[in-house]
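Accompanying notes for the structure given below.
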Amino acid sequence: MTAETLQAPAHPHITDRVNVVRLANIWRLKSDRIVFTNGCFDILHRGHVEYLEEAAALGDRLIVGLNSDASVRRQGKGDDRPFNDQDSRALVLAALRCVDAVVIFDEDTPRDLIGEVRPDVLVKGGDWAVSDIVGGDLVTAAGGEVRSLKLVEGFSTTSLVERIRG
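Counting from 713, one number per residue, gives the positions in the sequence shown under the numbering used here.
Written as structure tokens, this is what we have:
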């Protein structure tokens with residue numbers, strides 16, 4: 713059985729686009745503050761975990777948009793990326809206590825997904841200027857907030873891959 717034929721285990725925090733919008737609407741009715749972030753999260757490390765916990769602390773619910781395998785490949789991160797398939801990456805993220813929902817998107821950017829979810833807070837890592845965060849204009853136009861969080865020094869997937877490759 714190849715990685716492509718494996719089915720991801722069902723997890724209550726992994727959802728599709730229709731259901732993540734439904735969840736966001738339910739949470740909004742409960743006056744929950746919704747935080748959204750996105751990324752590849754190919755090899756989860758301490759920097760990711762601290763970033764996700766800090767993002768979650770900005771609201772009541774954290775939604776993570778996860779780049780699909782095809783989306784990661786189109787980003788030019790390398791011919792061998794992602795190292796972990798989208799279902800595996802989604803399961804690892806969903807297992808984190810601070811993550812309320814994981815939704816995989818196939819587009820090059822999460823702009824449409826952000827427009828559908830309508831988060832109160834949009835967050836990216838410190839390698840992104842607030843003005844460059846995709847979907848930031850949608851969030852601020854709706855009265856939301858866009859934040860760029862400080863990176864954890866010494867922890868990045870690129871540096872980890874370089875160390876592994878030696």
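Backbone N, C-alpha and C define an ideal beta-carbon position, used for all residues, glycine too.
Buried or exposed: which applies to residue 741, given that a residue is buried once 16 or more other Cβ atoms fall within 10 Å of its Cβ?
-> Within the sequence shown, the letter at position 29 stands for residue 741. Residue environment for residue 741: exposed (fewer than 16 other C-beta atoms within 10 angstroms of its C-beta).
Straight-line Cα distance separating residue 779 from residue 751 | Here residue 751 refers to the residue found at position 39 of the sequence shown. Here residue 779 refers to the residue found at position 67 of the sequence shown. Roughly 6 Å separates the two Cα atoms.
Where DSSP assigns a beta bridge to residue 748, which residues make up the other side?
-> For the purposes of this step, residue 748 is taken as residue 36 along the sequence shown, with counting starting at 1. Beta-bridge pairing links residue 748 to 775 and 834.
Within its chain, find whatever has a CB closer than 7 Å to the CB of residue 766; leave out the 5 residues flanking it on each side and keep chain order.
-> Numbered from its first residue, the sequence shown carries residue 766 at position 54. Excluding positions up to five away in sequence, the list reads 861.
Do you know offhand how far residue 754's Cα is from residue 820's?
-> Stepping through the sequence shown from its first residue, residue 754 is reached at position 42. Stepping through the sequence shown from its first residue, residue 820 is reached at position 108. Computed Cα separation, rounded: 16 Å.
Any idea if residue 730 is buried or exposed, counting beta-carbon neighbours within 10 angstroms, 16 or more meaning buried?
-> Locating residue 730 in the sequence shown gives position 18, where the first residue counts as 1. Exposed, because fewer than 16 other Cβ atoms sit within 10 Å of the Cβ of residue 730.
Segment contact flag, the region 732-741 with the region 837-852, C-beta cutoff 8 Å, min 3 pairs | Counting Cβ pairs under 8 Å, fewer than three are found: no touch.
Flag this pair as yes or no: are the beta carbons of residue 771 and residue 833 separated by less than 9 Å?
-> Looking up residue 771 in the sequence shown gives position 59. Looking up residue 833 in the sequence shown gives position 121. Their beta carbons are under 9 Å apart, which means residue 771 touches residue 833 by this criterion.
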